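Chains as they are written, first to last, in my numbering: chain A, 1 to 264; chain B, 1001 to 1315; chain C, 2001 to 2275. The C-beta atom is built at its ideal place from N, Cα and C for all residues, glycine as well. Just so we're clear, the structure is a prediction, and the values are computed from it rather than from any experiment. First the structure, in the form of structure tokens, and then the observations on it.
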Amino acid sequence: MDILNVQNISIQYGNDPPCVTGVSFDMNEGKIVGIVGESGSGKTTVVRAILGLLPGGGKISEGRVLFNGEDMASYSESRWRDVRGSGISMIFQDSGAMINPIRTIGSQYIEYIKIHRPDMSKADAYALAVDTLTKMRLPDGDNIMKSYTYQLSGGMRQRVGIALAMTFEPKLLLADEPTSAIDVTIQAQIVRQMMELRERFNTAIVLVTHNIGVAAYMSDEMIVMQYGKVMDRGDRDTVLNHAESEYTRQLLQAVPEIGGKRYV
Amino acid sequence: MDLKEFLRRIGQIIIVLIGVSFFTFLLVQLAPGDPVMTMYQSMGIIPTEEVLNETREAMGLNDPFFVQYFRWLANVLKGDLGMSYSKYRPVASLLAGRMWPTLKLSISSMFVMLLFAVPLGMISAVYSNKPIDYIVRGITFFGVSMPNFWVGLLLLYFLAMKLNLLPVISTDPNALSNLVLPTLTLAFAMTAKYTRQVRTAVLEELHKDYVIGAKGRGESERAILFKHVFPNSLLPLVTMFGLSLGSLLGGTSVVEVIFTYPGLGSLAIDAIKAMDYPLIQGYVLWISLIYMAVNLAVDISYNFIDPRIKGEGKA
Amino acid sequence: MNGILKDFLKNRQFVFFTVLIILIVMTTVLAPVIVPYDPYEAVLKDARLAPGPDHLFGTDKLGRDLFSRVIYGARVSLPATLSLVGLVFFVGVLLGIISGFYGGMVDAVIMRLADMMVSFPGMVLAMAVAGIMGASIRNAVIAISLVTWPKYARMARSIVLKVKNEDYMAAARIVGGRDLHIMIKYLFPIVAPTLVITAATDIGGMMLELAGLSYLGFGAVSPMAEWGLMLSEGRPYMSACPWMMIYPGLAIFIVVVIFNFWGDALRDVLDPRQQ
């Protein structure tokens, strides 16, 4: 059974015309799907909609999203909370900004663990957090737990975000522009780290990025979006070599060394 | 705030205090009316020109402006604010005597304000553009448009005179009931103002990324509001609370006059009406000092309540 | 230009409150025609009459008709408040633009002066200034201007600093624009909208402050028909004659509410981003 089925969804804010239409894809274990597009293409809206995180008045107006075969539209509030951060996790462009700046990372990390493991003691939660941080190549876990986000570098913040997301080894990771806000050198490390997640935990990843190079490097399947519509979709090689839309071909031309080694 | 910044602020306060005292001194010199004449009149004496001149000489009022100013300044540095013309008592002890009632009133009205403004502002923001928000905003809009002396008189009329809930004039100067009407009057206007501020701050905080982050980690709406959004949104308001407290501590003339409350504000009115220059100067100096000290304290407090300040050194 | 006018007319709140303000202004201008009695004529035998058919709002301690006095009150408050707002706007914008434009010493002096003014509670200084200069509406206006201009100057200055180094400013200078010309022709139009909005939303608050000074005896002087002063004169009689404090207060309240709503609507029209 697939982990996630996105079936022909449209997304709408209030009574405005839909800003995204006709997006479909399926996820199974270890699969990476890259959604590529410029800002305003609706790619971020799609992943946020999957996790029910659209701001004020945004909703899926058509189509369905199935998680483990179950229609997410039928979820209760508490079922949603169980899934978020445990069954499906999300990492963001700047994961540091997704953490309250005036509380320590540790206090929020423990709070998060205790939402999903209410019976776990504080000490165990702390140990789990430090352990996860270590796994995500953040060896100095104790120090990070004491820190505030502003005290960490961009790359470290992003790793903390990945660690948070991977705490419960979710089956599905939604990555929203995970490499766009950090230095080029560190981008490569983060990309490699996400690839490792698939190898070690068999995590399925939906990767949203404007960087078609990154998407091409990581994805099994690609979806190219523009103005809320799907321009191209298919497995990576089809999209890269036999793109149907003029838009996709233009995007590809803009990447200097798409045939060479450096994708990132 | 590090030590260097702290010392810089202290220096700034001293400069402002000198500036303020110089300004009031100048104002007093330019003022129409003769303080010596006023002083004798308040004692019920009509002095001769000769007596007036002698007194002026004795008080040093015939000296050049700068001589007078620096003499006053030197005395202030020795802790001597001079004698009040109209009350025949040292200015310092007059001010000190009004401190406690003013402090009581300031704290109680801030407290009542917070009690109403914080929850109302939060509710208004969380349900923004829903009926409850319109009601709260409507009320606050009318609230800020009401003159506080009118609110005070209405409260006095209805609560004390019509419903007899409180004494109109208290026989016991220390009775707690003396505090009720002035507190309510002051809190009324402040509540209207702060409810709007709290609402704006919470709305801004609700749109921060970390709210989505917390939601994405499975936190409930409730937890997000109470553990993240509300505490964070009060942070920037602390400065404003400090400014308000600072001004309250300087005395609340209008309210004190309405309720004949013995605070610094009514002392100031008496001083100004009696042209009691030493008292006016002492008062202005004192409240400037308090106001700036409270603001400095607020800025220092950010070192403890906002972890981001500490690391950045000079913000 | 037409577009802006349309925006104004489309905002119903703005149109509604503009109409109300026109009504207030008309009442002020036409007061002598409207009032049934001479607001300054004491008729001692009619002192302290309760509201009734002859005297809509009752009479005060000297038997003067309260309705007539309340209407006449607008003739004091409105011009005083508007000149206060105008004065603060003028001084604030002038000093703010000069400060931002020249920088250096000029800027330092003006801004330190402004800092000093806001480093203690404004109402206290206003009281002291008004009290020492002697009670009068004019002095009250001066006193409040003295403590309010820094707010406007700081806003104007910060806007000027933002645009000062833009290319078109340099261009204006290269073509030989004199300082005064640049300040009036280029800087003022940029600074004006924000400060006009601020001034409009401040009208209500300034009216309250003026009335407050009068209430304390640092503004209008007896027998002037001024709302704050009327309230303070009615205070000793309020237990038996509550109308003496209810109606003048109501008048301030209503006028201030209208100006506040109007200012709010004006801001919505001119600056939709604020929403």
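| query | result |
| --- | --- |
| Rounded C-beta distance between S1253/B and M2155/C? I'm assuming under 8 Å. | Wrong, their Cβ atoms sit about 28 Å apart, outside the cutoff. |
| Step through the CB atoms of chain C and report whether any lies within less than 8 Å of the CB of I1280/B. | yes |
| Given this structure, state the Cα-to-Cα distance separating K2006/C from T2194/C, to the nearest angstrom. | 20 Å |
| What residue from V2196/C, G2228/C and A2135/C has the CA that sits closest to F2089/C's CA? | V2196/C |
| Could you tell me whether the Cβ atoms of V224/A and T248/A are closer together than 8 Å? | yes |
| Measure from the alpha carbon of S41/A to the alpha carbon of each residue in Q253/A, V191/A, H210/A and R159/A, then state which is nearest. | H210/A |
| So with Cβ pairs under 8 Å, would you call P2121/C a contact of chain B? | yes |
| Could you give the distance in angstroms between the alpha-carbon of V2019/C and the alpha-carbon of N2260/C? | 14 Å |
| Please state whether DSSP places V23/A in a helix, a strand or coil. | strand |
| For V239/A, which option in I212/A, S39/A and L66/A has the closest C-alpha, if you only look at C-alpha atoms? | I212/A |
| Please give me, in chain order, every unbroken run of the alpha helix (DSSP H) with length at least 4 that falls completely inside the stretch 2231 to 2275 of chain C. | 2243 to 2270 |
| Which residues in chain A sit within 7 Å of P1307/B, going by Cβ to Cβ distance? | I102 and Y148 |
| What's the C-alpha gap between W1150/B and N1053/B? | 45 Å |
| Measuring alpha carbon to alpha carbon, tell me which residue in V2085/C, A2074/C, S2068/C and F2101/C is nearest F2188/C. | F2101/C |
| With a cut-off of 8 Å on the beta carbons, I'd call L1030/B and Y1283/B a contact; round off their distance for me. | Not really, about 18 Å apart at Cβ, beyond 8 Å. |
| Could you list the residues in the stretch 1130 to 1164 of chain B with a C-beta less than 8 Å from some C-beta on chain C, going in chain order? | F1141, F1142, V1144, S1145, M1146, P1147, N1148, F1149, W1150, L1153, L1154, L1156, Y1157 and M1161 |
| Going along the chain, which residues of its own chain have a beta-carbon closer than 6 Å to the beta-carbon of P1182/B, five neighbours each way excluded? | L1105, V1255, F1259 and Y1261 |
| For the stretch 2104 to 2114 of chain C against the stretch 2046 to 2058 of chain C, do three or more pairs of beta-carbon atoms, one drawn from each stretch, fall closer than 8 Å, so that the two count as touching? | no |
| Can you confirm whether the stretch 1271 to 1281 of chain B touches the stretch 1078 to 1087 of chain B when touching is taken to mean that 3 or more C-beta pairs between the two stretches lie within less than 8 Å? | yes |
| Using the beta-carbon of each residue, which ones in chain B are nearer than 7 Å to R81/A? | G1218 and S1220 |
| Would you list the one or two residues that DSSP bridges to Y13/A? | G58/A |
| If I'm right that D2264/C touches T2201/C with Cβ under 8 Å, what's the distance once you round it to whole angstroms? | 7 Å |
| Quick check on DSSP: helix, strand or coil for P1236/B? | coil |
| Identify the continuous beta strand (DSSP E) that holds M222/A and give its terminal residues. | E221 to Q226 |
| Listing by chain order, which chain C residues have their CB less than 7 Å from the CB of G1011/B? | Result: empty, since nearest Cβ-Cβ is about 13 Å, beyond 7 Å. |
| In this structure, does DSSP put S147/A in helix, strand or coil? | coil |
| Using a 10 Å radius around the Cβ and a threshold of 16 neighbouring Cβ atoms, would you call Q187/A buried or exposed? | buried |
| Is Q250/A buried or exposed, if buried means 16 or more other CB atoms sit within 10 Å of its CB? | exposed |
| Counting C-beta neighbours from all protein chains within 10 Å, is the total for Q253/A 16 or more, i.e. buried, or is it exposed? | exposed |
| Residues of the stretch 1227 to 1244 of chain B with a CB closer than 8 Å to any CB of chain A: list them in chain order, please. | K1227, H1228, P1231, N1232 and L1235 |
| Contact criterion: CB-CB distance below 8 Å. Does V2147/C meet it with respect to chain B? | no |
| Below 8 Å on the Cβ atoms is my contact criterion, and I expect V130/A with M120/A to pass it. Report the Cβ-Cβ distance as a whole number of Å. | About 14 Å; that fails the 8 Å criterion. |
| To be precise: take each residue of the stretch 1273 to 1300 of chain B, compare its Cβ to all Cβ atoms of chain C, and keep it if any distance is under 9 Å. Which residues remain? | K1273, M1275, Y1277, I1280, Y1283, V1284, I1287, S1288, L1289, I1290, Y1291, M1292 and N1295 |
| Using the rule of at least 16 other Cβ atoms within 10 Å of the residue's Cβ for burial, across every protein chain shown, is R157/A buried or exposed? | buried |
| Run through the DSSP bridge pairs and tell me what T2059/C is partnered with. | D2065/C |
| Give the residues from the stretch 2216 to 2240 of chain C that approach chain B closer than 9 Å (Cβ to any Cβ), ordered along the chain. | L2216, G2217, F2218, W2227, G2228, L2231, S2232, G2234, R2235, M2238 and S2239 |
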